[in-house]
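Before any comments, here is the structure.
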Amino acid sequence: MRRYYLRRRSNNGNWTAIIMNANTRKPAFSRSTGTSNKKQADAIAQGWLVNGLPDSNRITKDKNQLRNIAFTDYCRRIWDFDTSEYLKWKVKELQGFLRGSFWTDRRLPTLTGLR
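Just so you know, the sequence shown maps onto residues 3 to 117 in my numbering.
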C-alpha cells in the first residue's frame, strides 16, 4: 500500500496529496501542495511524510505579520537597491534598469521619506 496518493483538482490544476493511515489503510488527511507540477508535488508530499505537515498556525502568523507592515516600510523594503530581492531580480532580468533615473524621481522620496 502506498503511503500517499496525488490527485489533481480540476478547478485550479494544483495537485493534492492524500496521506494514508498505515493502520486503517484509509485516508488520514489531504492537503493541496500548491503546485501544478507533478514532480514538485511528489517531492512536497514525500517531505511531508518525512518531516510532518507544515504548521498552519505558523503560516497564519506570517500572514498577520505582513498585514501589520506599514505602507512606507513596505516601500522602503521594495525600493532599497541594496537589499531588495525584487530590484536584484529586475536588474538581472532587464539589465537596462537604471538605478539613477528612478532613484532621483521625486515621487518615491516623497512617499517613503527616503532621501
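All C-beta atoms in this analysis are idealised placements derived from N, C-alpha and C, irrespective of residue type, glycine included.
All values derive from a computational prediction rather than experimental measurement.
If you run the structure through DSSP and keep just helix, strand and coil, what is Leu-51?
The sequence position of residue 51 within the sequence shown is 49, counting from 1. Correct three-state label for Leu-51: helix.
Enumerate in chain order the residues of its own chain whose CB-to-CB distance from Ser-38 is below 6 Å, with the five nearest sequence positions on each side excluded.
Mapped onto the sequence shown, residue 38 falls at position 36. Contacts found: Gly-15, Asn-16.
Whole-angstrom distance between Asp-84 and Asn-53, CA atom to CA atom:
As a first step, residue 53 must be located in the sequence shown, where it is residue number 51. As a first step, residue 84 must be located in the sequence shown, where it is residue number 82. Going by the C-alpha atoms only, they are around 35 Å apart.
Extent of the continuous beta strand (DSSP E) run through Val-78:
Within the sequence shown, numbered from 1, the residue matching residue 78 stands at position 76. One point to set straight first is that residue 78 is Arg, not Val, in the sequence displayed. From DSSP, Arg-78 is part of no beta strand (DSSP E) but of the alpha helix (DSSP H) over 73 to 80.
Helix, strand or coil: which one does DSSP assign to Arg-27?
Within the sequence shown, numbered from 1, the residue matching residue 27 stands at position 25. The answer is coil: DSSP assigns Arg-27 none of H, G, I, E or B.
I need the DSSP call for Arg-9, collapsed to helix, strand or coil.
In the sequence shown, residue 9 corresponds to position 7, counting from 1. Here Arg-9 sits in strand by DSSP.
Spatial neighbours of Thr-35 within its chain, please: C-beta separation below 6 Å, excluding the five flanking residues on both sides.
Taking the sequence shown and counting its residues from 1, one reaches residue 35 at position 33. Contacts found: Trp-17, Ala-19, Ala-43, Ile-46.
Backbone secondary structure at Arg-4 - three-state DSSP
Looking up residue 4 in the sequence shown gives position 2. If DSSP states are grouped into helix, strand and coil, Arg-4 belongs with coil.
Identified DSSP bridge partners for Trp-17
Sequence index remark: in the sequence shown, residue 17 carries index 15 (1-based). Arg-10.
Using only alpha-carbon positions, find the residue among Arg-4, Glu-87, Arg-11 that is nearest to Asn-25.
As a working mapping, residue 25 is identified with position 23 in the sequence shown. The residue with the shortest Cα to Cα distance from Asn-25 is Arg-4.
Spatial neighbours of Tyr-7 within its chain, please: CB distance less than 6 Å, with the 5 preceding and 5 following residues excluded, ordered by chain position.
For this step, residue 7 is matched to residue 5 along the sequence shown. Counting only Cβ-Cβ distances below 6 Å, and skipping sequence neighbours, we find Ile-20.
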